[in-house]
Amino acid sequence: MENNSKSFKYDGLLRQNIVLSGGLVTASVIVACTTMMRAFVLVISFFMISYLSILLCRFIPKKIAYSFRTLLYSLVAAALFVPTAFVLHMLFPGTLNEVIVYIELMIVNSLLLAKTESRFYLIPYGAMAADALIYIMGYALAAFAVGFIRELLAYGTIFGIKISGALMPAARSPFFGFIIVGLLSAVSKAAVIHRKER
Amino acid sequence: MAEVFARMVSLVMISVFTQNAIFDRAFGVNVAIYASRKNSHILGFTVGITIMTTLASAAAYPFDIMLLPSEYGYLFMPLIYVGIVSVLYLIGLFILWRFFPKIFYQVKKYAHLSVFNCAVFGALFLNYNFGKGFAGYVGYGFGTGIGFFLACFLLNVANDRLNSDKIPQVFRGYPIMLIFIGIVSLALNVLVGYTAEF
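Set out below in structure tokens:
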């Protein structure tokens, strides 16, 4: 029972990572996550829009048909976008402008529209809050890993600090994003398989 | 008239090839991967997404013209787009339920997936940058749906091979699919001699 509860709590980090395993929220990481700073801004946005939406939408009555609840979830997320974008505009105006489209798209992310129904809203509120937070941390893990690799390869920097020359400028292109996320996905799958075998 | 038509056609071509929702922007990758598994899904999703992007783009045009030039207008666009898409979604569901009940019961399970996704909302968010005028908006919206079909078709063709035993277990499924999309994305970039600045 304890083991079940443990795996239930932490599987959002790797085994069911929404970027590397489930592919539920990938666009922002694949295209926009080219530096650590961008990854940071995306993670903050994802937390403020998705996590708070998940917590708030729990109060939408289940009596409403799923087809209609989906639209209400998106409306709540769109309302949360307003303060999120406003705060980020004050703190990181340059970076926000570069990734704004992908932050706007977080209002229809599958963590909110699909995972809520299949997982989060089937468990008690406290457990749900913790579980959703683990999923957000899983997103952060993937975003920072991709941001780190791409920034180092494309610009030769980490958080803007010069480490080396730009080894592979094409690393900031969308096609490289697909390939690197695909490779990291395979690595995470191998880690999960290895852990299972042990 | 001819100029308007030419503008519309050029925007369709741009959104199918140079700004393909899946290969260039990664909008709705998870939906495309899901839809590409079955031929019937490809058709259903393509029709749903194309109708929605075309109509929603047309409906969003006046709001974009009014709000986006102002400094903080962009903050409210997600709310407006969710409103527009929700109204169209409900009208669509009503028409299907009232006049085509068989189709309604077939598609109601995944109708929301073909509407509330990054491909549809991505087209709306990018329209202002690329659409330029009502005809351009409609052309870009329509082209996004056709671009989605192209992506699903290519993924469908490769699906069996990418999931065969010849692929190492850790790469099978989602990882190899992403790498495949990355390679097609690279090929399209080279073909059109264009790279998105990200």
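Protein chains in written order, with the numbering used here: chain A, -11 to 186; chain B, 456 to 653. Glycine included, every Cβ here is placed at the ideal spot set by N, Cα and C.
Going by the DSSP bridge assignment, what does T145 (chain A) pair with across the sheet? A:K150
Between F166 (chain A) and chain B, is the shortest Cβ-Cβ distance under 8 Å, so that the two count as touching? yes
Residue range of the alpha helix (DSSP H) that includes E86 (chain A): P81 to E92
Would you check if the segment 558 to 577 of chain B and the segment 106 to 114 of chain A touch, i.e. whether three or more CB-CB distances between them fall below 8 Å? no
Please report whether the beta-carbon of D519 (chain B) lies at a distance below 8 Å from any beta-carbon of chain A. no
With 8 Å as the threshold, decide whether the Cβ of S(-5) (chain A) is near any Cβ in chain B. Any reading at S(-5) (chain A) must be qualified, since the residue scores a pLDDT of 49, below 50, and its modelled position is unreliable; the value itself is stated next. False, the Cβ-Cβ gap to chain B never drops below 8 Å.
Give the single residue among A:H182, A:K184, A:K150 and A:M125 whose Cα lies nearest to the Cα of A27 (chain A). A:M125
Could you tell me if E92 (chain A) is buried or exposed, where buried requires 16 or more neighbouring beta carbons within 10 angstroms of its beta carbon? Classification for E92 (chain A): buried.
On the three-pair Cβ rule with 8 Å, is the segment 621 to 641 of chain B touching the segment 162 to 180 of chain A? Taking 8 Å as the limit for Cβ pairs, the verdict is that the segment 162 to 180 of chain A does touch the segment 621 to 641 of chain B.
Anything in chain A within Cβ reach of P524 (chain B), meaning under 7 Å, just list it in chain order. Near P524 (chain B) there are no residues of chain A at all, since even the closest Cβ is about 16 Å away, more than 7 Å.
Neighbourhood of A117 (chain A) by C-beta, 7 Å cutoff - its chain only, sequence neighbours within 5 removed: L43
For the ligand FAD, any of its heavy atoms closer than 7 Å to the Cβ of L466 (chain B)? Absence of the ligand FAD from the depicted structure is noted, as is the absence of any ligand whatsoever, leaving it without description.
Using a Cβ-Cβ cutoff of less than 8 Å, which residues in the same chain neighbour S16 (chain A) once the five nearest sequence positions on both sides are dropped? L30, F34, V87, Y90, I91, L93, M94 and A131, listed in sequence order.
For E242 (chain A), which three-state DSSP category applies? Nothing can be reported for residue 242 (chain A), as the shown portion of chain A is limited to -11 through 186.
Is there at least one Cβ from chain B nearer than 8 Å to N(-8) (chain A)'s Cβ? Only weak support exists for where N(-8) (chain A) lies, its pLDDT of 48 falling under 50; the coordinates are left without a value.
Measuring only the C-alpha atoms, how far is S(-5) (chain A) from I122 (chain A)? Here S(-5) (chain A) scores only 49 on pLDDT, less than 50, and its place in the model should not be relied on; the value that follows carries that caveat. Taking the straight line joining both Cα atoms gives about 12 Å.
Buried or exposed: L63 (chain A), going by 16 or more other Cβ atoms within 10 Å of its Cβ? Buried is the call here.
Distance, L68 (chain A) Cα to L510 (chain B) Cα: 26 Å
Note down, in chain order, every chain A residue with its Cβ under 7 Å from the Cβ of S640 (chain B). Result: P162, F163 and F166.
In chain B, which residues lie less than 9 Å from K177 (chain A) when you measure between Cβ atoms? Q624, V625, F626, R627, G628, Y629 and P630
Could you check how far apart the C-beta atoms of I477 (chain B) and F603 (chain B) are, in whole angstroms? I think they sit under 8 Å. 7 Å
CB-CB under 7 Å to V13 (chain A), same chain, minus the five flanking residues each way: which ones, in chain order? I6, V7, N97, S98, L99 and Y127
Limits of the unbroken alpha helix (DSSP H) element including P630 (chain B): Y629 to V647
Going by C-alpha to C-alpha distance, which of A:T145, A:F47, A:F163 and A:K103 sits closest to L155 (chain A)? A:T145
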